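In full-length UniProt numbering, the protein residues as written are 1 to 203.
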C-alpha cells in the first residue's frame with residue numbers, strides 16, 4: 001500500500017520576518033564570518049536543518065536583511081531629494097530619515113557599518129557599493145548647493161563634513177534602542193542643532 005506524502009507547508013511571511021530579525025541580531029552581535037547557521041537556528045529555537053527550509057544559506061539571509069534595509073532607506077531619501085527643499089532643510093530631512101531607519105532596522109544598520117566594505121567585493125553584493133556612491137552623491141551635492149547659495153560657510157570642506165555626518169549618524173546604531181526615552185525625531189533634532197550651527201554661515 002503506497003504511503004501518503006506529507007503535505008508541504010509553505011513558510012509564512014511572518015515566520016520569515018521573525019527568522020530574519022533573529023539572524024540580524026546575531027550577525028550584528030557576532031559578525032558575519034563568525035556566525036553559523038546553527039547559531040542562528042539555536043537563537044530561533046529550531047534545528048539548523050529546519051532553517052534551511054526557509055533560507056538556502058546565511059549569505060541569503062544577510063543579503064535579504066541588507067537589501068530590505070537599503071530599499072526602505074532609499075524610499076525615504078528619494079522622497080526627500082525630490083521634495084525641492086533648500087540645502088539646510090534637505091540635510092535636516094536626510095538626517096531625520098536616517099535616524100528613523102536606525103529605529104526600524106538597528107541591527108541591519110550595524111551590519112551595514114561592519115560588513116558592507118567586505119561584502120561589496122562579492123558580485124552578489126555589488127548593490128552595496130552602488131548604494132555608497134548614491135549616498136555620497138546625495139550628501140555632497142546638497143552640501144555643495146548650500147555653500148553655493150550662502151546657506152553654509154564657504155570655507156567648508158564638504159567631503160570631510162559628509163564623512164563626519166555620515167559616521168556620527170550611523171554610529172548611533174551601536175547605542176540606540178527602540179522604545180527608549182527619545183524618539184528618532186527628537187534625537188535627530190538634538191543632533192542637527194549641534195551640527196548645523198557649526199556649518200551654517202555666521203551672520
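Don't be surprised by glycine CBs; every beta carbon is placed ideally from N, CA and C. Owing to the predicted nature of the structure, the values given are computational and were not obtained by experimental measurement.
I'd like the span of the alpha helix (DSSP H) that includes residue 127, first residue to last.
Locating residue 127 in the chain shown gives position 127, where the first residue counts as 1. 126-148 is the span of the alpha helix (DSSP H), which, as asked, contains residue 127.
Looking at C-beta atoms only, is the number of pairs between the region 110-117 and the region 44-53 that lie closer than 8 Å three or more?
Judged by Cβ distances under 8 Å, the region 110-117 makes no contact with the region 44-53, as fewer than three pairs qualify.
Confirm, please, whether the CB-CB distance from residue 35 to residue 58 is below 8 Å.
As a first step, residue 58 is located in the chain shown; it is residue number 58 there, counting from the start. As a first step, residue 35 is located in the chain shown; it is residue number 35 there, counting from the start. Their beta carbons are under 8 Å apart, which means residue 58 touches residue 35 by this criterion.
Only counting the same chain, and skipping five residues up and downstream in sequence, which positions put a Cβ closer than 6 Å to that of residue 151?
The count along the chain shown starts at 1 and reaches residue 151 at position 151. Around residue 151: 87 and 88.
As an exercise, report each continuous alpha helix (DSSP H) stretch of at least 4 residues that is fully enclosed by the UniProt DNA-binding region "H-T-H motif" (36-55), in chain order.
With a minimum length of 4 residues, the continuous alpha helix (DSSP H) runs that stay inside the UniProt DNA-binding region "H-T-H motif" (36-55) are 37-44 and 48-51.
Suppose contacts are defined by Cβ-Cβ distances below 8 Å. Is residue 191 in contact with residue 95 by that definition?
For the purposes of this step, residue 191 is taken as the residue at position 191 of the chain shown. For the purposes of this step, residue 95 is taken as the residue at position 95 of the chain shown. Contact flag set, yes.
According to DSSP, simplified to helix, strand and coil, what is residue 75?
Position 75 of the chain shown, counted from the first residue, corresponds to residue 75. Residue 75: helix per DSSP, three-state reduction.
Straight-line CA distance for residue 70 to residue 90?
Taking the chain shown and counting its residues from 1, the one referred to as residue 70 is at position 70. Taking the chain shown and counting its residues from 1, the one referred to as residue 90 is at position 90. Near 19 Å, if we compare the C-alpha coordinates of residue 90 and residue 70.
Would you identify the three-state DSSP class for residue 173, choosing helix, strand or coil?
As a first step, residue 173 is located in the chain shown; it is residue number 173 there, counting from the start. Residue state, collapsed to three classes: helix.
By the 10 Å Cβ neighbour count, where 16 or more other Cβ atoms means buried, how is residue 146 classified, buried or exposed?
For this step, residue 146 is matched to residue 146 along the chain shown. By the neighbour-count rule (16 or more Cβ atoms within 10 Å), residue 146 is buried.
In chain order, what residues of the same chain have a beta carbon less than 6 Å from the beta carbon of residue 120, not counting five sequence neighbours either side?
Mapped onto the chain shown, residue 120 falls at position 120. Cβ within range, chain order: 128 and 129.
What is the DSSP secondary structure of residue 57, reduced to helix, strand or coil?
Here residue 57 refers to the residue found at position 57 when the chain shown is read from its first residue. Note: residue 57 maps to coil in three-state DSSP.
Just the Cα atoms here: how many angstroms apart are residue 158 and residue 144?
Taking the first residue of the chain shown as 1, we reach residue 158 at position 158. Taking the first residue of the chain shown as 1, we reach residue 144 at position 144. Cα-Cα distance, rounded: 7 Å.
Just verifying my parser: in three-state terms, what is the DSSP assignment at residue 123?
As a working mapping, residue 123 is identified with position 123 in the chain shown. Helix.
Could you give the first and the last residue of the continuous alpha helix (DSSP H) run that contains residue 12?
If you number the chain shown from 1, residue 12 lands on position 12. Residue 12 -> no alpha helix (DSSP H), and no H or E assigned at all.
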